[in-house]
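As structure tokens, the structure follows; a few thoughts come after it.
In the numbering used here, the protein residues as written are 566 to 704.
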């Protein structure tokens, strides 16, 4: 299982280019036979799930609240009612994490993944915390 971490749909800095990157990443994750796991909501998570579905992949959303919050490309929505605490569940559930753009939740997931030695990939040029960390030479 591969985790996708990134900006939600309410992030006004998300660009069509970033969303296209996320969709392509999701497509290739599924094309390689991996299950795509995300926070299940909009923005990067929705774009990646859309890409995975184009490759006939399975998508899981570990939701911060109810299953009803899931985007339409999520096959299995797991309600946690834990808010950001669900980030820990997501990171622990996957074999590797791919981060695209992102704000505080993405930064939290990146730091959790690195702290437990989870393989973590950032998509440079996607914006948000990913680019800040790359520019500072931290990842």
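We put the beta carbon where it would ideally sit given N, CA and C, even for glycine.
Looking at the backbone, the Cα of residue 669 and that of residue 609 are separated by about 14 Å. Between the segment 638-658 and the segment 593-611, the count of Cβ pairs shorter than 8 Å is three or higher; the stretches touch.
If you draw a 10 Å sphere on the C-beta of residue 639, you find 16 or more other C-beta atoms in it, and that means buried. DSSP links residue 641 through a beta bridge to 625. In the DSSP assignment, residue 664 is bridged to 570 and 687.
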